[in-house]
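Read left to right, the sequence shown gives residues 1 to 95 (UniProt numbering).
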Amino acid sequence: MKIEQIIKENQGTIVDVRSYAEFMGGNVVGSINIALNEIPERIEELKNLKAPLILCCASGNRSGQAQHFLSQHGIECYNGGSWLDVNYYKSQATK
1 MKIEQIIKEN
11 QGTIVDVRSY
21 AEFMGGNVVG
31 SINIALNEIP
41 ERIEELKNLK
51 APLILCCASG
61 NRSGQAQHFL
71 SQHGIECYNG
81 GSWLDVNYYK
91 SQATK
């Protein structure tokens, strides 16, 4: 299944891995903020979120790092790239 479809159908959880300050400057409605550097210590919390996780950041670099790390821990997740792209797909969501 494509990431766009997962987002549009509200099938998982959107996790923004930018810093809190960046997140507060704009974010995807309904997303949660767990900064990249906090992911290792919050792994149990991430395991309990509705899967799959759609990870996003400013450009896709940090979310790519998070996706690699979480995949190694058995968490189903995808790199959604820029939060702006994820936000665009979310705006097309089927309610």
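Glycine included, C-beta positions come from ideal geometry on N, C-alpha and C.
| If we ignore side chains and look at the alpha-carbon of each, how far apart do Glu76 and Ala58 end up? | Here residue 76 is taken as the residue at index 76 of the sequence shown, counted from 1. Here residue 58 is taken as the residue at index 58 of the sequence shown, counted from 1. If you take the alpha carbons of Glu76 and Ala58, they lie about 21 Å apart.
| message | Does the stretch 24–40 come into contact with the stretch 61–70, if we say contact requires no fewer than three beta-carbon pairs (one atom in each stretch) closer than 8 Å? | response | yes
| message | I'd like the span of the alpha helix (DSSP H) that includes Val86, first residue to last. | response | Residue mapping note: residue 86 aligns to position 86 of the sequence shown, counting from 1. Start and end: 83–91.
| What separation, rounded to the nearest whole angstrom, lies between the Cα atoms of Ser82 and Glu45? | Numbered from 1 along the sequence shown, position 82 holds the residue referred to as residue 82. Numbered from 1 along the sequence shown, position 45 holds the residue referred to as residue 45. Whole-angstrom Cα-Cα distance: 23 Å.
| What did DSSP end up calling Asn48 once you bin it into helix, strand or coil? | The count along the sequence shown starts at 1 and reaches residue 48 at position 48. Taken through DSSP and simplified to helix, strand or coil, Asn48 comes out as coil.
| Roughly how many angstroms separate the alpha carbons of Gln92 and Lys8, rounded to a whole number? | Counting from 1 along the sequence shown, the entry for residue 92 is found at position 92. Counting from 1 along the sequence shown, the entry for residue 8 is found at position 8. Roughly 6 Å between the two C-alpha positions.
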